[in-house]
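*Asks:*
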Amino acid sequence: MYDVTILGSGPAGLTAAIYTGRADLRTLVVEGLSVGGQLMITTTVENFPGFPEGVEGPELMDRIRKQAEKFGAEFKLGDAEEIKLDEHPFKVKVSNEWHETRSVIVATGSSSRWLGLESEKKLMGRGVSGCATCDGFFFMGKDVAVIGGGDSAIEDATFLTRFAKKVTIIHRRDQLRASKAMQKKAFKDPKIEFIWDSVVEDILDVNENKVTGIVLKNVKTDEKTTFPVDGVFIAIGHEPATSIFKGKLELDDHGYIVTEGVKTSVPGVFAAGDVQDPRYRQAISAAGTGCMAGIEVLKYIEGEQATGGW
Ligand code: NAP
Numbered sequence: 064m065y066d067v068t069i070l071g072s073g074p075a076g077l078t079a080a081i082y083t084g085r086a087d088l089r090t091l092v093v094e095g096l097s098v099g100g101q102l103m104i105t106t107t108v109e110n111f112p113g114f115p116e117g118v119e120g121p122e123l124m125d126r127i128r129k130q131a132e133k134f135g136a137e138f139k140l141g142d143a144e145e146i147k148l149d150e151h152p153f154k155v156k157v158s159n160e161w162h163e164t165r166s167v168i169v170a171t172g173s174s175s176r177w178l179g180l181e182s183e184k185k186l187m188g189r190g191v192s193g194c195a196t197c198d199g200f201f202f203m204g205k206d207v208a209v210i211g212g213g214d215s216a217i218e219d220a221t222f223l224t225r226f227a228k229k230v231t232i233i234h235r236r237d238q239l240r241a242s243k244a245m246q247k248k249a250f251k252d253p254k255i256e257f258i259w260d261s262v263v264e265d266i267l268d269v270n271e272n273k274v275t276g277i278v279l280k281n282v283k284t285d286e287k288t289t290f291p292v293d294g295v296f297i298a299i300g301h302e303p304a305t306s307i308f309k310g311k312l313e314l315d316d317h318g319y320i321v322t323e324g325v326k327t328s329v330p331g332v333f334a335a336g337d338v339q340d341p342r343y344r345q346a347i348s349a350a351g352t353g354c355m356a357g358i359e360v361l362k363y364i365e366g367e368q369a370t371g372g373w
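Residue numbers in the sequence shown follow my numbering, run continuously in steps of one, and reach 373 at the last position.
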């Protein structure tokens with residue numbers, strides 16, 4: 064039996080594991096299929112305190128993981144497939160095996176949102192990508208489009224200028240959602256252009272099995288145009304990974320776990336990081352809530368022990 068099972072191995076999950084391991088709690092980290100979380104597909108992180116020169120996302124995760132290992136956390140690859148939160152101890156199924164645990168920290172994060180076009184699905188990996196840092200290299204000297212107007216879209220576009228000849232940001236409004244600092248950088252970049260008030264209606268060309276262009280609709284004029292590109296990077300936000308918690312934990316309208324601090328609707332179950340945070344979604348805020356969840360688990364287990372719960 065584990066004292067705590069942590070679902071997720073991004074900054075939230077691993078920081079929680081440092082705290083629970085260091086408190087001598089038997090800790091299992093279910094790493095998920097995207098080991099290390101979203102920082103594994105990020106380049107330089109410039110805003111994580113303690114790294115004045117910046118640090119590469121994968122290196123940061125490797126360091127945090129080593130720290131969690133040092134304090135005794137055990138790791139299991141794979142996603143949590145099922146969870147039972149209406150019985151004590153709680154039970155978590157990973158790779159067809161059930162694990163018993165006194166408490167749970169949900170730090171499953173969120174994943175990329177897609178446009179939902181048939182052509183997007185068919186051309187995935189053939190010019191359509193959700194990860195500029197993974198696939199940018201393949202577009203050396205080519206023209207690419209980035210869809211979205213948030214920080215991710217601007218970050219991706221800026222990164223892609225390392226490879227592409229021209230990067231066009233396609234946004235459905237005439238104002239970016241991205242932070243002013245990132246906007247400024249993008250507006251100054253001679254390789255970045257913008258198409259405003261436009262949505263992608265189709266990605267061409269499924270018949271050729273590669274991206275040759277996108278069909279755009281101007282939402283103000285309804286005018287349709289075909290814009291030639293060799294690659295399309297989708298950067299329109301994220302969805303929380305909460306499907307196994309439906310009906311078991313209180314979720315908000317967008318599927319994020321509802322928390323008070325880091326407490327969920329079930330005592331003994333805590334949530335940390337992006338899975339409960341649609342607002343800040345930063346590595347440092349995820350790590351912060353991971354720390355809080357680790358401390359709350361310790362208090363919860365001490366409380367249960369004191370009242371004879373275990
Ligand atoms: P986001 O802030 O939710 O932005 C998503 C963008 O995609 C918005 O501009 C949105 O348009 C657009 N969009 C959403 N659905 C769309 C659709 N179906 N079709 C076309 N466009 C669509 O997501 P994000 O950029 O991934 O950022 C998420 C969080 O991570 C934010 O808090 C951000 O600050 C943070 N972040 C920080 C950094 C950094 O600091 N280095 C880097 C990346 C992300 P509207 O604007 O019209 O809604």
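Ideal placement from N, C-alpha and C gives every residue a C-beta, glycine not left out.
1. Run the proximity test for Arg225: is its beta-carbon closer than 6 Å to any non-hydrogen atom belonging to the ligand NAP?
2. Quick one: complete beta strand (DSSP E) runs, 3+ long, within the segment 167-220?
3. If we ignore side chains and look at the alpha-carbon of each, how far apart do Gly99 and Gly120 end up?
4. On the DSSP bridge list, what partners appear for Trp161?
5. Which residue's Cα is closest to the Cα of Phe134: Asp293, Asp87, Thr305 and Thr284?
6. In the DSSP assignment, what residue or residues form a beta bridge with Ile233?
7. Below 8 Å on the Cβ atoms is my contact criterion, and I expect Leu279 with Val292 to pass it. Report the Cβ-Cβ distance as a whole number of Å.
8. Ignore the nearest five residues each way along the sequence and tell me which others in Thr288's own chain have a CB closer than 6 Å to its CB.
9. Scan the segment 259-296 and note each continuous beta strand (DSSP E) run of 3 residues or more that stays entirely inside, going in chain order.
10. If you drop the 5 nearest sequence neighbours on each side, which residues of the same chain put their C-beta closer than 8 Å to that of Gln345?
11. Can you tell me the Cα-Cα spacing of Thr68 and Ile364, whole angstroms?
12. Could you say if the segment 154-167 and the segment 255-274 meet the contact criterion of at least three C-beta pairs nearer than 8 Å?
13. Can you check which of these residues, Glu181, Gly212 and Asp252, is closest to Arg235 by C-alpha distance?
14. Cβ of Ser97 within 6 Å of any heavy atom in the ligand NAP?
15. Which residue or residues does DSSP assign as beta-bridge partners of Lys139?
16. My output table needs one value for Phe333: the three-state DSSP class, helix, strand or coil.
17. So, for Ile266: in the same chain, excluding its five sequence neighbours on each side, which residues have a beta-carbon less than 7 Å away from its beta-carbon?
18. Pick out every residue whose C-beta is nearer than 5 Å to a heavy atom of the ligand NAP: which are they, in chain order?
19. Taking the alpha helix (DSSP H) that Ile81 falls in, what are its first and last residues?
20. Check the DSSP bridge columns for Pro303 and list the partner residues they point to.
21. Name the DSSP bridge partner or partners of Thr107?
22. Run through DSSP, which three-state label would Tyr343 get?
23. What are the start and end residues of the beta strand (DSSP E) that includes Leu70?
24. Considering only residues of the same chain and omitting the five flanking positions on each side of Glu359, which have a CB-CB separation below 6 Å?
25. Using a Cβ-Cβ cut-off of 6 Å (strictly less than) and excluding sequence neighbours within five positions of Asp237, which residues of its own chain qualify?
26. If you draw a straight line from the alpha carbon of Ala304 to that of Asp66, how long is it in whole angstroms?
27. Shortest alpha-carbon distance to Ile210 belongs to which of Lys228, Ile233, Arg225 and Phe226?
28. Quick one: residues in its chain with C-beta nearer than 8 Å to the C-beta of Glu286, no 5 flanking neighbours on either side, listed in chain order?
*Replies:* Taking the structure as given:
1. no
2. 173-175 and 206-210
3. 9 Å
4. Lys156
5. Asp87
6. Ile210 and Ile258
7. Not confirmed; about 10 Å, so no contact.
8. Leu279
9. 261-267, 276-281 and 287-291
10. Asn110
11. 13 Å
12. no
13. Gly212
14. no
15. Val93
16. strand
17. Leu180, Ser182, Glu183, Leu186, Val191, Val274, Ile277 and Val295
18. Gly211, Gly212, Gly213, Asp214, Ser215, Glu218, Arg235, Arg236, Arg240, Ile299, Gly300 and Arg344
19. Pro74 to Arg85
20. Ser173
21. Glu119
22. coil
23. Tyr65 to Leu70
24. Val325 and Phe333
25. Trp259 and Asp260
26. 23 Å
27. Ile233
28. Lys280
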